[in-house]
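If you count by the working numbering, then the sequence shown holds residues 1 to 138, one letter each, in order.
Note that the Cβ used here is the ideal one computed from N, Cα and C, for glycine as well.
Note that the coordinates shown come from a computational prediction; the quantities given were computed from them, not determined experimentally.
Have a look at the structure below, then the notes.
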Amino acid sequence: MMLSWNYNYGQCGRDLGLDLLRRPAIASSDPVIAFETAIWFWMTPQAPKPSCHDVITDQWQPSAADISAGRLPGYGVITNIINGGLECAGRNVAQVQDRISFYTRYCGMFGVDPGSNVDCDKQRPFSEGSNVFLDAAI
Numbered sequence: 001m002m003l004s005w006n007y008n009y010g011q012c013g014r015d016l017g018l019d020l021l022r023r024p025a026i027a028s029s030d031p032v033i034a035f036e037t038a039i040w041f042w043m044t045p046q047a048p049k050p051s052c053h054d055v056i057t058d059q060w061q062p063s064a065a066d067i068s069a070g071r072l073p074g075y076g077v078i079t080n081i082i083n084g085g086l087e088c089a090g091r092n093v094a095q096v097q098d099r100i101s102f103y104t105r106y107c108g109m110f111g112v113d114p115g116s117n118v119d120c121d122k123q124r125p126f127s128e129g130s131n132v133f134l135d136a137a138i
């Protein structure tokens, strides 16, 4: 998992006590920080998005707005959380199919059912809301 956009660097840096807005390269050059940022992204909900962890462990329950937007529990919502604006609602179909293929391959290797709703083709991306991180002070 990698961070993208300043709001991810800002929120993650604040939570980890790092100045990732001014020093974003440390998220890729320091292996411990790289791992910490990946776990942060996986575990942290960023409203209105749930955490990837909550989705994959069935802790997330879609709201009426989520259901209306086609966002139902399953791997497709994780793609939506990570890259919905670029990959859901019929965008970048080949890239999405690659993600699904990797996911289902690894599910098979581990002997687990990939579940329903593995794609986000019919999902609207989560609202971008306010993706500006204004309080950059650490």
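Asked                                                                               : Found
Residue range of the unbroken alpha helix (DSSP H) whose run includes Asp54         : 52-56
For Arg91, the nearest candidate out of Pro125, Ala27, Cys107, Val112 (CA to CA)    : Pro125
For Ala94, the nearest candidate out of Cys120, Tyr106, Gly10, Pro50 (CA to CA)     : Cys120
Start and end residues, alpha helix (DSSP H) containing Val77                       : 75-87
Supposed contact pair Tyr106 and Asp118 - C-beta distance, whole angstroms, cut 8 Å : One point to set straight first is that residue 118 is Val, not Asp, in the sequence displayed. Between Tyr106 and Val118 the Cβ distance is about 12 Å, and since that is not below 8 Å, they are no contact.
Whole-angstrom distance between Arg99 and Arg71, CA atom to CA atom                 : 17 Å
Residue(s) in a DSSP beta bridge with Gln123                                        : According to DSSP, which records beta bridges pairwise, Gln123 is partnered with nothing at all.
Nearest residue (CA-CA) to Lys122, options Met1, Pro45, Glu87                       : Glu87
Best match in Ser29, Thr37, Gln46 for proximity to Ile81 [C-alpha to C-alpha]       : Gln46
7 Å CB neighbourhood of Glu36 in its chain, flanking five on each side removed      : Leu16
Endpoints, alpha helix (DSSP H) assigned at Pro31                                   : 31-43
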